[in-house]
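Read through the structure below, which is laid out as structure tokens, and then see the notes.
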Amino acid sequence: MSSERDQNFLFKDKNETRFVLKVSNSKESFEVLDCQNKGLEHLESNTNLNIPKVIPDKNNQRINQVEANKNKHFLRVVSYVEGIPWAMQTNQRAESLIQNMGAFLGLLGKGLGASHKGL
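Last residue of the sequence shown: 224 in the numbering used here, with the numbers rising by one and none dropped.
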């Protein structure tokens with residue numbers, strides 16, 4: 106899966122439920138990732154937006170650290186949201202698509218009324 110900064114991997118569990126494993130860029134800070142997770146959790150509890158849900162591990166951790174090639178990376182898992190990514194839209198200038206994006210961003214901004222030291 107494409108990403109600006111992370112490496113993303115789509116996988117399924119035994120029930121065919123899809124998830125995304127997010128491997129952070131080695132330069133990404135824990136605080137930024139924690140801020141992203143907290144933002145998603147805040148939106149989940151305060152809006153009806155169809156957004157990824159943060160999935161904790163069996164120890165209830167939402168971010169784990171691993172080392173690969175002498176670099177440290179953080180791992181996270183989020184639920185998969187069905188749809189066509191913006192970058193794959195064939196007509197990004199379609200009026201209906203722009204209106205839907207604007208409405209979504211308005212609800213997103215309204216729902217985020219939170220602060221975090223990672224911002």
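Glycine is no exception: its CB is placed at the ideal position from the N, C-alpha and C atoms.
Taking the beta carbon of residue i as the centre, do at least 16 other beta carbons fall within 10 Å, making it buried, or is it exposed?
i: S129; result: buried
i: L115; result: exposed
i: Q194; result: exposed
i: F179; result: buried
i: R198; result: exposed
i: P161; result: exposed
i: K215; result: exposed
i: R123; result: exposed
i: L210; result: exposed
i: K117; result: exposed
i: V125; result: buried
i: G218; result: exposed
i: K119; result: exposed
With a cut-off of 9 Å, does the C-beta of residue i fall near any C-beta of chain C?
i: K163; result: Included in the structure is just one protein chain, with no chain C present.
In the DSSP output, which residue or residues are listed as bridge partners for residue i?
i: E149; result: Its beta-bridge partners do not exist; DSSP assigns none.
i: F124; result: F116 and S184
When you compare each of the options to residue i by their alpha carbons, which one comes out closest?
i: V137; options: D111, K175 and N205; result: D111
i: N176; options: Y185, L210, S131 and V182; result: S131
i: C140; options: E121, I168 and L126; result: I168
i: Q170; options: G188, F135, N164 and V186; result: F135
i: S181; options: Q204, N151, L148 and K163; result: A quick correction: the sequence has Arg, not Ser, at residue 181. Comparing Cα positions, the closest option is K163.
Alpha carbon to alpha carbon, how far is residue j from residue i? Give it in angstroms, no decimals.
i: N153; j: W191; result: 20 Å
i: V183; j: E200; result: 30 Å
i: E121; j: E109; result: 27 Å
i: E133; j: V186; result: 23 Å
Within the present structure, is the beta-carbon of residue i separated from the nearest heavy atom of the ligand HEM by less than 8 Å?
i: G214; result: Because no ligand of any kind appears in the structure shown, any question about the ligand HEM cannot be addressed here.
3 or more residues per run - each beta strand (DSSP E) lying fully within the segment 130-183
If one requires a minimum length of 3 residues, the beta strand (DSSP E) runs lying completely within the segment 130-183 are 169-173, in chain order.
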